[in-house]
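Read in order, the letters of the sequence shown are residues 20 to 351 in UniProt numbering.
The beta carbon of each residue, even a glycine, is placed where N, CA and C say it ideally should be.
Okay, so here's the structure we're looking at.
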Amino acid sequence: RPRVLSGIQPTADSFHFGNYLGALRQWVGLQDSHEPFFFIADLHAITVEQEPKVLRERTRRAAAQLVAMGIDPAQSAIFAQSAVPAHAQLGWVLQCMTGFGEARRMTQFKDKSAKQGEGSASVGLFTYPILQAADILLYRPQYVPVGEDQRQHLELTRDLAQRFNSRYKKTFRLPEPYILKETAKIVDLQDPTRKMSKSASSPSGIIDLLDDPKVSAKKIRSAVTDSEAEIRFDAEDKPGLSNLLTIHSAISGESIDSLVERFAGHGYGDLKKELAEVVVDFVTPFRDTTLALLEDRTHLDQILADGAARANEVAERTLRDVYERVGFAIPA
Ligand code: ATP
Ligand code: MG
């Protein structure tokens with residue numbers, strides 16, 4: 020079975036609907052047909068300052084949410100990135116093969132550093148796409164299920180894989196991004212020109228999976244739309260409304276065309292009200308399962324330990340090939 024790999028940062032107490040619809044749902048869908056490796060990107064999380072206690076807790080919460088949404092730990096390796104040293108080790112080798120200008124072209128760094136001022140952003144935030152390339156290439160996966168915002172990083176990953184393969188010897192498989200067009204970019208409820216984001220969205224712009232369902236319903240009802248009254252899908256001119264249709268369709272399974280037809284002649288309020296119900300029905304059992312899993316820390320830690328053992332086995336093998344090909348004198 021070809022491998023599939025992806026990661027998510029423990030930078031909030033809860034994942035949000037952008038994470039779920041853009042990426043995590045595909046993780047669940049691909050795990051049966053692939054050999055899956057899913058990691059919690061704690062090394063990436065510290066590219067911005069984190070409170071140690073909070074980071075540790077969020078890593079467990081992330082694991083619990085993955086299991087609650089249907090990632091089966093018996094089938095999928097679920098692990099913390101920091102528990103597999105080869106990520107950082109290969110990351111260094113790849114940093115030495117990346118041009119400074121090439122790294123500087125990454126738009127996510129521009130976005131994320133703009134907030135703090137480029138001068139005070141960490142060097143880790145700058146080099147994070149290269150570490151991400153290492154995360155991926157170690158497992159030689161066929162697919163990397165991610166949202167649209169990761170497309171550029173996947174291209175860098177492929178470039179670096181190709182560069183290494185041609186400079187030394189074929190070592191890495193060129194991974195393909197697995198991006199679902201419809202849900203690749205879920206936008207912020209309050210600012211539909213920007214993606215919904217754990218670290219950048221305001222609380223009212225983001226629907227968290229672990230929010231109190233009543234709070235989520237309220238956020239949906241006050242989502243920013245537009246000044247027209249007609250319900251139709253138009254991501255350019257009506258990004259707020261189209262986002263609501265996208266979320267509804269993705270969770271309920273009803274097509275956007277059918278929603279548009281059914282809501283013809285209705286106001287935005289009616290659509291919001293129904294979407295709020297759809298979301299509440301979806302998050303309520305998810306939230307209950309996650310909170311129950313969080314009661315048993317030993318079990319969660321065991322899942323992470325098992326996942327790390329499986330990941331280390333694969334990652335160490337790849338790293339050994341890399342070290343040997345680069346010319347390091349590895350003791351037998
Ligand atoms: P941060 O703000 O800390 O970067 P994030 O919300 O962007 O957090 P990540 O952990 O960086 O979340 O990304 C996890 C996965 O979710 C990635 O595959 C990413 O592409 C996807 N993703 C994140 N936001 C969205 C979104 N708004 N729409 C679709 N996919 C998304
Ligand atoms: Mg992100």
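Taking 3 residues as the shortest admissible run, the stretch 90 to 170 contains the following complete beta strand (DSSP E) segments, listed from N- to C-terminal end: 96 to 99 and 162 to 164. Nearest neighbour of Arg-170 by Cα position, chosen from Ser-25, Phe-119 and Asn-262, turns out to be Ser-25. Excluding sequence positions up to five before and after Asp-32, its CB lies within less than 7 Å of the CB of Arg-77, Arg-80 and Leu-229, all in the same chain and listed in chain order. The C-alpha of Gln-161 is placed about 36 Å away from the C-alpha of Val-279. Across the set Leu-260, Val-297, Arg-306 and Ser-277, the C-alpha of Leu-260 shows the shortest separation from the C-alpha of Gly-286. Within the same chain, Cβ atoms closer than 7 Å to the Cβ of Val-103 are found at Ala-327, Ala-330, Asn-331 and Ala-334, the five residues on either side in sequence being excluded. Cα atoms of Phe-305 and Asp-154: separation of roughly 28 Å, rounded to the nearest angstrom. Segment contact: the stretch 139 to 157 against the stretch 177 to 185, three or more CB-CB distances shorter than 8 Å; contact assigned. Within its own chain, the residues whose Cβ lies closer than 7 Å to the Cβ of Leu-312, once the five positions on either side in sequence are excluded, are Ala-83, Val-86, Ala-87 and Leu-319, listed in chain order.
Cβ atoms of Pro-29 and Asp-61 come within 8 Å of each other, at about 6 Å. In chain order, Leu-156, Arg-159, Ala-180, Phe-183 and Asn-184 place their CB closer than 7 Å to the CB of Phe-191, counting only its own chain and leaving out the 5 sequence neighbours on each side. Around Leu-74, the same chain offers Pro-29, Asp-61, Ala-64 and Ile-65 as residues with beta carbons nearer than 8 Å, after the five sequence neighbours per side are excluded. Look at the beta carbons and you see the stretch 202 to 212 touching the stretch 230 to 244: at least three pairs across the two are nearer than 8 Å. Any heavy atom of the ligand ATP counts here; residues with a Cβ closer than 6 Å to one of them, in chain order, are Ile-27, Gln-28, Thr-30, Gly-37, Asn-38, Gly-41, Ala-42, Val-165, Gly-166, Asp-168, Gln-169, Ala-203, Lys-204, Ile-205, Lys-214, Met-215, Ser-216, Lys-217, Ser-218 and Ala-219.
Around the Cβ of Ile-226, a 10 Å sphere holds 16 or more other Cβ atoms; the residue is buried.
Exposed is the label assigned to Gly-284, since fewer than 16 other Cβ atoms lie within 10 Å of its Cβ. When the alpha-carbon of Lys-291 is set against those of Asp-276, Ile-266 and Ser-277, the nearest one is in Ile-266.
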